[in-house]
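Numbering (the working numbering), first residue to last: 212 to 455.
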């Protein structure tokens, strides 16, 4: 591997938006370390990336495990200077019926997980005086969505985290942004009924479901040189489902 080839770490890279992001960054010349929660997922990431990356197993719930995994990545491949926090979970339920476990599971994985992974990677970026961090938010962080109070809360929190961290480390040449997808064609949305899908399409100004490539292209822009003067922002990729 060339010493000047940037290392990118993409969480949740085995499918959907994360898989597309990993592929785009690899195509842009980065060596991509993509994470998955299971060994078979990590193996699929490695197969997909070939010589341009690898897959590792990473669960964000345990800070010690995260720290150990980060140290192993840094030792084997070098310090990641690009981080895409894409991994997330849902545990949908109306708040009246939502259990404490459903609430805490989502906050721990989606919000605290970003803290656990981002923090140990900052030193490498600050040492290099260059870095790119992109956090995946969601349109529901602004709109809200019935049955997703826990998920929406984490996505709104991610945007606040993004703005605050951008102010802390901008002087070191590190940008921090969020990307908020709308209704995107993924495994999650394919589980909706035809009626539910049509309702979302009707609410979207462009009249179509977004693709994972629509989102991945924006992430690639933000981590590339063209996005070097953008930080602390949330970029909405929702086809006009929400404007604000």
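We put the CB at the ideal spot given by N, CA and C, even for glycine.
Nearest residue (CA-CA) to residue i, options the options
i           : options               : result
residue 223 : 431, 452, 324 and 239 : 324
residue 374 : 394, 312 and 445      : 445
residue 264 : 276, 282, 230 and 249 : 230
residue 215 : 288, 311 and 356      : 288
residue 449 : 411, 443 and 437      : 411
residue 384 : 350, 407, 403 and 436 : 436
residue 249 : 338, 268, 339 and 341 : 268
residue 371 : 354, 357 and 348      : 348
Residue burial classification, residue i (beta-carbon count within 10 angstroms, cutoff 16)
i           : result
residue 280 : buried
residue 392 : buried
residue 283 : exposed
residue 382 : exposed
residue 236 : buried
residue 286 : exposed
residue 402 : exposed
residue 455 : exposed
residue 259 : buried
residue 261 : exposed
residue 359 : buried
residue 322 : buried
residue 307 : exposed
residue 427 : buried
residue 438 : buried
residue 421 : buried
The alpha helix (DSSP H) enclosing residue i, as first and last residue numbers
i           : result
residue 331 : 324-339
residue 250 : 250-260
residue 391 : Note, residue 391: premise wrong, no alpha helix (DSSP H); beta strand (DSSP E) at 385-392.
residue 445 : From DSSP, residue 445 is part of no alpha helix (DSSP H) but of the beta strand (DSSP E) over 445-448.
Test item: CB-CB of residue i and residue j under 9 Å
i           : j           : result
residue 246 : residue 298 : yes
residue 291 : residue 335 : yes
residue 361 : residue 318 : yes
residue 304 : residue 369 : no
residue 275 : residue 266 : no
residue 452 : residue 416 : yes
residue 234 : residue 397 : no
residue 425 : residue 380 : no
residue 431 : residue 232 : yes
Residues near residue i in its chain [Cβ-Cβ closer than 8 Å; skip 5 each side]
i           : result
residue 433 : 343, 345, 386, 388, 390, 441 and 446
Other residues of its chain near residue i: CB distance less than 7 Å, five sequence neighbours each side excluded
i           : result
residue 271 : 277, 298, 320, 324, 327 and 328
residue 217 : 241, 292 and 293
residue 414 : 452
Extent of the continuous beta strand (DSSP E) run through residue i
i           : result
residue 363 : Here residue 363 belongs to no beta strand (DSSP E); instead the alpha helix (DSSP H) covers 360-380.
residue 456 : For the chain, the structure presents residues 212 to 455; residue 456 sits outside this window and is missing.
residue 343 : 342-347
residue 220 : 218-221
residue 280 : No beta strand (DSSP E) contains residue 280, which is instead part of the alpha helix (DSSP H) from 274-288.
residue 237 : Where residue 237 is concerned, there is no enclosing beta strand (DSSP E), although the alpha helix (DSSP H) it sits in stretches over 227-238.
residue 294 : 293-296
residue 266 : 264-268
residue 422 : Neither: residue 422 is in no beta strand (DSSP E) and is coded neither H nor E.
Sequence-distant residues of the same chain with beta carbon closer than 6 Å to residue i, five excluded per side
i           : result
residue 302 : 313, 316 and 317
residue 220 : 244, 291 and 294
residue 255 : 225
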